[in-house]
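Here is the structure we will look at, set down as structure tokens.
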Amino acid sequence: MLVTYELVGDLGVITINNPPVNALSQKVRQGLVEAIAEAQTDNSKAIVLICEGRTFAAGADIKEFGKPPMAPSFPEMNEAVESSAKPVIAALHGTALGGGFELALSCHYRCALKTAAVGLPEVNLGILPGAGGTQRLPRLVGVETALDVITSGKRVAAPKALELGMVDRVVEEPLQELALAYARSLLDEGAPLRRIRDLEVPAAQGSADVFEVWRKNMAKRRRGQVAPQKIVDCVEAAVSKPFEDGLQFERASFFECVGSDQAAAMRHMFFAERKAAVVEGLSGNAAVKPINRVGIIGAGTMGGGIAMTFANAGIPVTLLELNQEALDRGLALIAKNYSITVSKGKMSQEAADKRQALITGSTSYDSLADVDLVIEAVFESMDVKRQVFGELDRVCKPGAILASNTSYLDVNEIAACTSRPQDVVGLHFFSPANVMRLLEVVRADATSEDVIATSMALGKKIAKVPVLARVCYGFIGNRMLRPYAREAQLSMIEGASPEQIDGVLTRFGMAMGPLAVGDLAGLDIGYKARQALTPEQKGDPRSYCIADALVEMGRLGQKSGAGYYRYDPETRARSSDPEVLEVIEAQAKAHGVQRRTMSDQEILDRHLMALINEGFHILGEGIAQRPSDIDVVYVNGYGFPVFRGGPMFTASQMGLREVYDCICALRDKTGADYWQPAPLLEQLALEGKTLDSWSADKR
Ligand code: T1G
248 MLVTYELVGD LGVITINNPP VNALSQKVRQ GLVEAIAEAQ TDNSKAIVLI
298 CEGRTFAAGA DIKEFGKPPM APSFPEMNEA VESSAKPVIA ALHGTALGGG
348 FELALSCHYR CALKTAAVGL PEVNLGILPG AGGTQRLPRL VGVETALDVI
398 TSGKRVAAPK ALELGMVDRV VEEPLQELAL AYARSLLDEG APLRRIRDLE
448 VPAAQGSADV FEVWRKNMAK RRRGQVAPQK IVDCVEAAVS KPFEDGLQFE
498 RASFFECVGS DQAAAMRHMF FAERKAAVVE GLSGNAAVKP INRVGIIGAG
548 TMGGGIAMTF ANAGIPVTLL ELNQEALDRG LALIAKNYSI TVSKGKMSQE
598 AADKRQALIT GSTSYDSLAD VDLVIEAVFE SMDVKRQVFG ELDRVCKPGA
648 ILASNTSYLD VNEIAACTSR PQDVVGLHFF SPANVMRLLE VVRADATSED
698 VIATSMALGK KIAKVPVLAR VCYGFIGNRM LRPYAREAQL SMIEGASPEQ
748 IDGVLTRFGM AMGPLAVGDL AGLDIGYKAR QALTPEQKGD PRSYCIADAL
798 VEMGRLGQKS GAGYYRYDPE TRARSSDPEV LEVIEAQAKA HGVQRRTMSD
848 QEILDRHLMA LINEGFHILG EGIAQRPSDI DVVYVNGYGF PVFRGGPMFT
898 ASQMGLREVY DCICALRDKT GADYWQPAPL LEQLALEGKT LDSWSADKR
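Per the numbering used here, residue 248 is the first one in the sequence shown, and the count goes up by one each step.
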């Protein structure tokens, strides 16, 4: 029974029990409508609506999307609840999200456990609340708060929700008992049957201007996404239309979104992120080791960010540097980062102090003797890493996990520097490490199953999205970045400007264009890395000569005020620089390249196909476990637009045959070896197969 109804004294209790997250599937909606009807007929005076298991309803059953709507619909269910002649009181625990919170909004009162959170995260699925959320929430909390909550999709903790009016009471455990007591007190007070649909939207805030401001705000913060704009339209309708009309407007907007490509892509990402945590082929007895204390070597930007990540998750850290001065600098940087967060009002001083106190500095390896995990974040040089891992092997207790944050180096070689290669793993964080969600977990040949299982579980615990990779140059993300960066360089020398290239890719939805990213990271980094390579490893000189020339002119990117662009020293505002065009033209001449007009479509094809083709190499070689893992890496670590679902999803949407033909055309046009289609792509395209069918066959 997914929904049950019982009488407790003179109060009715409706209980939903649909594990794991009480999603409101058709059967649950049906059960709920029947239970409400039954409660009207007995001598109950009020009805408490509660859920079993770990959470109140987490929303619609996402697996039902894309199927024909099944009655009763969400609006019908909510209408039944709101129209109840007896007061219905929602009792919330865990997370009341999406359709779950909209159901709670259809109840007459809401109480919540102190630890609960509420929210309308539909925007993260490329859709909008389709069960009255955009109409009821503004009536309850006003336009501004409603817009903030719905367009951000954020979870609002119960105490804050109480402050905002999203819930009426915060209670302690046991929830059911206290919810019944709350229901009784409402009856005793003679509290009215408060139907949100009958409330007026608080007027003062509903000026036309507010909506314009939010539309512009969304165009920036959620660039390229359709749903956030429609959310603003719907909230505006809550002000301008009667409730029933607003509800219909919301419903129509919801259906426009739910069938869209953007929603399909974002749904794909939702499940992809969850699937990424699953390690294929682990034997049943892989054990997750407890990680109670972590050592981090290197207090630079990366090490400091990683230290904050653990402190934020409540795990104590020993931060190691070679000398006191470097350590002090690192600790001061962490303190500064926390104080900025506090000054923005995003964290209390108390919380910041607590986190900072979890980070202890040290200049001696011996202080790592009893940590459960060490992460090395020192300079990218095999010689340096060799030395560090030799030391770790000497001081760390048996069974400690020894991890490297390397972005490119061979983790097998690092593991071989120790007497315990089974305990060595790559944990590749992305900068700034306390902000970026992606974590590449790199398993070397000898890495034990326990260490893999522990790393993946730990990733989740520290609020990252862990993705498993095997060893190769650059793992998943940085390996794909190389051909992408190559195309940016070649497009320039062949005729495009940095502005055109970055413009095409940001219009596609990338967070930044490749050349602006280069300026941000610093052009000297790639330059230095190239110095260590043989001409053969460096590849076609046309793919780096412009970058080299700029660095040799002292144009290192943002930090020197100029790179592919010029930067205002005060505001960092970016502008075009005719000098760069001269450099490009000189390099083209020197390399015998005739520059030409390049279409935006060609630029897009070349960058996108470079990513996709490398993705197929990575899949075919078994570096990534599954196509969707590559999407998770690219969306969470490299600014690929979430509403396109990642490079592999984009390839699937285009059709593999079309992708293959596009890559073959690039090969035939350029004669370049690297445009040879990846064997796996070729095989699937020619056999008319899809990535989904390939994944299914593999299982
Ligand atoms: N539908 C179907 N399956 C879901 C689901 C859902 N809404 N939510 C979670 N799952 C599955 C998930 O795939 C996983 O499966 C398992 O449950 C546990 O999830 C009308 C249209 C609730 C905070 O966006 O945010 O309502 O991998 O690993 O870390 O306007 O799940 O075990 O097979 O994430 O404890 C809006 C989405 C829907 C909430 C729990 N709701 N869920 O986190 O577990 S749209 C959401 C979450 C909607 C209305 C609209 C989280 C969670 P498996 P988990 P968790």
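Idealized CB from N, CA, C, for every residue including glycine.
- request: Check whether the Cβ of Glu-349 lies closer than 8 Å to any heavy atom of the ligand T1G, and answer yes or no.
  value: Of the heavy atoms belonging to the ligand T1G, at least one sits nearer than 8 Å to the Cβ of Glu-349.
query: Is the closest heavy atom of the ligand T1G to the C-beta of Val-879 under 8 Å?
result: No; taking the cut-off as 8 Å, the Cβ of Val-879 has no heavy atom of the ligand T1G nearer than that.
- prompt: If you draw a straight line from the alpha carbon of Ile-263 to that of Ile-297, how long is it in whole angstroms?
  reply: Taking the straight line from one Cα to the other gives about 7 Å.
task: Consult DSSP for Phe-676 and reduce its assignment to one of helix, strand or coil.
output: In the structure shown, Phe-676 falls within a strand segment according to DSSP collapsed to helix, strand and coil.
- prompt: For Pro-668, does the three-state DSSP call read helix, strand or coil?
  reply: Three-state result, Pro-668: helix.
message: Helix, strand or coil, according to DSSP, for Leu-366 in the structure here?
response: Rather than Leu, the amino acid found at residue 366 in this sequence is Gly. Residue state, collapsed to three classes: strand.
field: Glu-687 (DSSP reduced to helix, strand or coil)
entry: Secondary structure of Glu-687 (DSSP, three-state): strand.
message: If you measure between the beta carbons of Asp-308 and Gln-277, is that distance less than 9 Å?
response: No; because the gap between Cβ atoms is not below 9 Å, this pair is not in contact.
query: Is the beta carbon of Leu-409 less than 9 Å from the beta carbon of Ile-397?
result: It is not a contact, given that the beta carbons lie outside the stated cut-off.
- request: Report, in whole angstroms, the separation of the C-beta atoms of Gly-808 and Gly-765, which I expect to be a contact under 8 Å.
  value: About 15 Å separates the Cβ atoms of Gly-808 and Gly-765, ruling out a contact at the 8 Å cut-off.
query: Beta carbon of Glu-369, beta carbon of Leu-360: below 9 Å?
result: No. Outside cutoff.
query: Pick from Thr-610, Val-827 and Thr-701: whose alpha carbon is nearest that of Gln-571?
result: Here the closest residue by C-alpha is Thr-610.
- request: Return yes when the C-beta of Asn-883 is under 8 Å from any heavy atom of the ligand FMN, and no when it is not.
  value: Only the ligand T1G can be found as ligands here, which leaves the ligand FMN out of the picture.
task: Classify Ile-543 as buried or exposed, calling it buried when 16 or more other Cβ atoms lie within 10 Å of its own Cβ.
output: Ile-543 comes out buried.
field: Same chain, Cβ closer than 7 Å to Ala-282, five either side skipped, listed in chain order
entry: In the same chain as Ala-282, and ignoring 5 residues on each side of it, the C-beta atoms closer than 7 Å to its own belong to Val-250, Tyr-252 and Ile-261, in chain order.
query: Does any heavy atom of the ligand T1G sit closer than 8 Å to the C-beta of Leu-494?
result: Result no, Cβ not under 8 Å from the ligand T1G.
task: Measure the Cβ-Cβ separation of Asn-681 and Thr-556 and say whether it is below 9 Å.
output: Taking C-beta atoms as the reference points, Asn-681 and Thr-556 count as a pair closer than 9 Å.
task: Find out if the Cβ-Cβ distance for the pair Ile-622, Phe-722 is shorter than 9 Å.
output: Their beta carbons are not under 9 Å apart, which means Ile-622 does not touch Phe-722 by this criterion.
field: Straight-line gap, Thr-392 to Gly-373 (C-alpha atoms, nearest Å)
entry: Taking the straight line joining both Cα atoms gives about 20 Å.
- prompt: Per the contact definition of three or more C-beta pairs closer than 8 Å, is the segment 772–786 in contact with the segment 808–824?
  reply: No, because fewer than three Cβ pairs between the segment 808–824 and the segment 772–786 fall closer than 8 Å, the two stretches do not touch.
query: If His-854 and Tyr-655 are in contact, beta carbons under 8 Å, what's the gap, nearest whole angstrom?
result: About 21 Å separates the CB atoms of His-854 and Tyr-655; that is not less than 8 Å, and the two are not in contact.
field: Nearest neighbour of Asp-617, chosen from Pro-537, Ser-628 and Asp-415 [CA to CA]
entry: Nearest Cα to Asp-617 within the set Pro-537, Ser-628 and Asp-415: Pro-537.
message: So, at 7 Å on beta carbons, what are the nonlocal neighbours of Lys-292 in its own chain, with the 5 sequence-adjacent residues on each side left out?
response: Beyond the five residues adjoining it in sequence on each side, Lys-292 comes within less than 7 Å, by CB distance, of Asp-257, Leu-258, Lys-333 and Leu-434 in the same chain, given in chain order.
Cβ-heavy atom distance, Val-505 to the ligand T1G, below 8 Å: It does: the Cβ of Val-505 is within 8 Å (strictly closer) of some heavy atom of the ligand T1G.
query: For the 8 Å Cβ check, are there 3 or more pairs between the segment 500–516 and the segment 889–907?
result: Contact holds: three or more Cβ-Cβ distances are below 8 Å.
message: Quick check on the DSSP output: what are the complete beta strand (DSSP E) runs of length 3 or more inside the segment 389–464, in order along the chain?
response: Contiguous beta strand (DSSP E) elements confined to the segment 389–464 occur at 416–418, taking only those with 3 or more residues.
query: For the ligand T1G, any of its heavy atoms closer than 8 Å to the Cβ of Thr-227?
result: Since the displayed the chain opens at 248 and closes at 946, residue 227 lies outside it and no answer follows.
message: Rounding to the nearest angstrom, what Cα-Cα distance links Leu-190 and Val-635 in this structure?
response: One cannot answer for residue 190 here, as it falls past the ends of the chain, which runs 248 to 946.
query: Counting pairs of Cβ atoms below 8 Å between the segment 519–533 and the segment 497–504, do you hit three or more?
result: By the Cβ criterion, the segment 519–533 is not in contact with the segment 497–504, since fewer than three pairs of Cβ atoms, one from each stretch, lie closer than 8 Å.
- prompt: Got a sec: does the ligand T1G put a non-hydrogen atom nearer than 8 Å to the Cβ of Val-268?
  reply: Result yes, Cβ under 8 Å from the ligand T1G.
message: Restricting to Cα atoms, I'd like to know which of Leu-422, Gln-848, Glu-597 and Leu-705 is closest to Arg-754.
response: The shortest C-alpha separation from Arg-754 is found at Gln-848.
message: Nearest by alpha-carbon distance to Phe-896: which of Ile-910, Tyr-881, Tyr-885 and Met-465 is it?
response: Taking the Cα of Phe-896 as reference, the smallest distance to any Cα among Ile-910, Tyr-881, Tyr-885 and Met-465 is reached at Tyr-881.
task: Report yes if the C-beta of Gly-345 is less than 8 Å from at least one heavy atom of the ligand T1G; otherwise report no.
output: Gly-345 Cβ: within cutoff of the ligand T1G.
- request: Specify the secondary structure class of Cys-643 as computed by DSSP and reduced to three states.
  value: Three-state result, Cys-643: coil.
task: Tell me whether Leu-296 sits in a helix, a strand or coil according to DSSP, three-state version.
output: Three-state DSSP puts Leu-296 in a strand.
task: Specify the secondary structure class of Tyr-885 as computed by DSSP and reduced to three states.
output: Of the three classes helix, strand and coil, the one that applies to Tyr-885 here is coil, per DSSP.
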